[in-house]
Amino acid sequence: MRVKPFTLPKLALALFALSPVVGQAESVSFSQAWQTVVSQNEGLAAERTKVDQAKYLQDAAWDLNLPQVSV
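See the structure below:
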């Protein structure tokens, strides 16, 4: 695989720029990382909303089986 000559300096600059970030990273436990994912992931929040919506629709459909009283 041949790397374009102008790509190498950009790659080196990017690695150099990221090196302080790697050095300053704090360690987190798996449970802390998982809690962060669960609380901040928009995809999971959207899926939770879909599950809640399905439950509400199921409850509404079940309510249609109840007897109706009219005055």
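When you line the sequence shown up against mature numbering (1 follows the signal peptide of the UniProt record, and there is no 0), it's residues -25 to -1, 1 to 46, in that order. Heads up, the beta-carbon is just placed ideally off N, CA and C, and yes, glycines get one too.
Are the Cβ atoms of Leu19 and Val13 separated by less than 8 Å?
Contact: yes.
Measuring only the C-alpha atoms, how far is Ala36 from Ser45?
One C-alpha to the other measures close to 19 Å.
Apart from the five residues on each side of it in sequence, which residues of its chain come closer than 8 Å, Cβ to Cβ, to Ala(-12)?
Cβ within range, chain order: n/a, list empty.
Output the distance between the C-alpha atoms of residue 54 and Tyr31, rounded to the nearest integer angstrom.
Given a span of -25 to 46 for the chain in the structure shown, any question on residue 54 remains unanswerable.
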